[in-house]
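Peer 1: Numbering (the UniProt record's numbering), first residue to last: 1 to 290. Ideal placement from N, C-alpha and C gives every residue a C-beta, glycine not left out. Here it is, the structure in full.
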């Protein structure tokens, strides 16, 4: 039904060794429409995960892609406990329609966060812009400000924004996140705060390792982006990551894999002081290019 926004408050520093979630049923407003629902499909997907990684490594040089810069916007909301279904629908519907009221938004997804998190965020909004200037205009747009005032803040007691510049394949479908592959799945958002003395080679190496790992499993992942937080109003997190998984099953297999666990333990854990990870389901929204 639903498809796929500033005053940060100081919080105590903590370390999450690994951003994982229980494999319980999703609480999202949107339903998961994945095609892998049996144990046999889980085994088959695991096998494809290994095969696709080997194929990607052997062909990475030959299949170099042209890249296009985009700007990713993440907004996490803390809604009131007694939020009704009607109020939730009103809030999310108005946020979703912002893409039709202003130029510059090339992709959007949003929904109820599927699992509880330590900071009690309940809903997530993801948007993609072509350039930073479009993002700046978005924050000042009268329609968006009106949506916040009338349809978001009355239902919320907190929000956080993270923005970063990233690169995607220079083709219309990946840029606009359109086509059959983007019709459904799971949106995974990872916010990271690295320790100060890790900036430079350690952070670059960790992020490069994550990029290689996500790029190596196209049977599980449709698209992955990451980048340095450029939102001047948020100093809580230094980096953001957004990964679109093909299904809830694919998400669970990836975050539960030994490859991901080992990468997090060896590359991220020693240099990370704080993380926040959430995911939400995405339902089909059509295939036409905006």
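How far does the beta strand (DSSP E) with residue 126 in it reach, from first residue to last?
Peer 2: Residue 126 sits at position 126 when you count from the first residue of the chain shown. Residue 126 -> beta strand (DSSP E) spans 123-129.
Peer 1: With a 10 Å radius around its C-beta and 16 neighbouring C-beta atoms as the bar for buried, classify residue 174 as buried or exposed.
Peer 2: Residue numbering aside, residue 174 sits at position 174 when the chain shown is read from its first letter. By the 10 Å Cβ count, residue 174 comes out buried.
Peer 1: Please confirm whether residue 153 has its beta-carbon closer than 8 Å to some beta-carbon of chain B.
Peer 2: Structure shown: chain B not included; a single protein chain is present.
Peer 1: By the 10 Å Cβ neighbour count, where 16 or more other Cβ atoms means buried, how is residue 253 classified, buried or exposed?
Peer 2: As a working mapping, residue 253 is identified with position 253 in the chain shown. With 16 or more other Cβ atoms within 10 Å, it is buried.
Peer 1: Could you check whether residue 238 and residue 209 sit closer than 8 Å to each other, using their CB atoms as the reference points?
Peer 2: In the chain shown, counting from the first residue as 1, residue 209 sits at position 209. In the chain shown, counting from the first residue as 1, residue 238 sits at position 238. No, the Cβ-Cβ distance between residue 209 and residue 238 is not below 8 Å.
Peer 1: Using the rule of at least 16 other Cβ atoms within 10 Å of the residue's Cβ for burial, across every protein chain shown, is residue 199 buried or exposed?
Peer 2: Here the question's residue 199 lines up with position 199 in the chain shown. Its Cβ having fewer than 16 others within 10 Å, residue 199 is exposed.
Peer 1: Looking at the unbroken beta strand (DSSP E) that takes in residue 157, where does it start and where does it end?
Peer 2: As a first step, residue 157 must be located in the chain shown, where it is residue number 157. Looking at the DSSP string, the run of the beta strand (DSSP E) that includes residue 157 is 156-169.
Peer 1: Tell me the DSSP secondary structure of residue 259 in three-state form.
Peer 2: The residue you call residue 259 lines up with position 259 of the chain shown. Residue state, collapsed to three classes: helix.
Peer 1: Is the beta carbon of residue 246 sitting closer than 8 Å to the one on residue 222?
Peer 2: In the chain shown, counting from the first residue as 1, residue 246 sits at position 246. In the chain shown, counting from the first residue as 1, residue 222 sits at position 222. For residue 246 and residue 222, yes; Cβs fall inside 8 Å.
Peer 1: Tell me which residue opens and which closes the alpha helix (DSSP H) that residue 146 is part of.
Peer 2: If you number the chain shown from 1, residue 146 lands on position 146. It spans 142-147 - the alpha helix (DSSP H) in which residue 146 sits, taken as one unbroken run.
Peer 1: Taking C-beta to C-beta, are residue 291 and residue 243 nearer than 8 Å?
Peer 2: Nothing in the structure corresponds to residue 291, since the chain is present only between 1 and 290.
Peer 1: Between residue 77 and residue 218, what straight-line distance do the alpha-carbon atoms span, to the nearest angstrom?
Peer 2: Mapped onto the chain shown, residue 77 falls at position 77. Mapped onto the chain shown, residue 218 falls at position 218. Cα to Cα, residue 77 sits roughly 30 Å from residue 218.
Peer 1: Rank 70, 142, 185 by C-alpha distance to the C-alpha of residue 128 and give the top, closest one.
Peer 2: Your numbering for residue 128 matches position 128 in the chain shown. Comparing Cα positions, the closest option is 70.
Peer 1: According to DSSP, what are the bridge partners of residue 113?
Peer 2: Looking up residue 113 in the chain shown gives position 113. Residue 113 pairs with nothing; no bridge assigned.
Peer 1: In this structure, does DSSP put residue 95 in helix, strand or coil?
Peer 2: Locating residue 95 in the chain shown gives position 95, counting from the first residue. Helix.
Peer 1: Whole angstroms is fine: what's the gap from residue 280's alpha carbon to residue 140's?
Peer 2: By one-based count along the chain shown, residue 280 stands at place 280. By one-based count along the chain shown, residue 140 stands at place 140. Distance between the alpha carbons of residue 280 and residue 140: 27 Å.
Peer 1: So, under 8 Å CB-CB, residue 231 and residue 161 are touching, yes? Tell me the CB distance rounded to an integer number of Å.
Peer 2: Residue numbering aside, residue 231 sits at position 231 when the chain shown is read from its first letter. Residue numbering aside, residue 161 sits at position 161 when the chain shown is read from its first letter. The pair is a contact, with the Cβ atoms about 5 Å apart (cut-off 8 Å).
Peer 1: In the DSSP assignment, find the unbroken beta strand (DSSP E) run with residue 177 in it and report its ends.
Peer 2: Residue numbering aside, residue 177 sits at position 177 when the chain shown is read from its first letter. Taken as a continuous stretch (DSSP letters only), residue 177 belongs to no beta strand (DSSP E), as it is neither H nor E.
Peer 1: Pull the bridge partners of residue 296 from the DSSP assignment, please.
Peer 2: Here the chain covers residues 1 to 290 and nothing more, so residue 296 does not appear.
Peer 1: Which full runs of the beta strand (DSSP E) of 3+ residues lie inside the UniProt domain "Stress-response A/B barrel" (186-280), going along the chain?
Peer 2: Listed in chain order, they are 221-228, 239-245.
Peer 1: Mind the definition here: the segment 255-273 touches the segment 92-102 only if three or more C-beta pairs lie below 8 Å; say whether that holds.
Peer 2: Too few Cβ pairs lie closer than 8 Å, so no.
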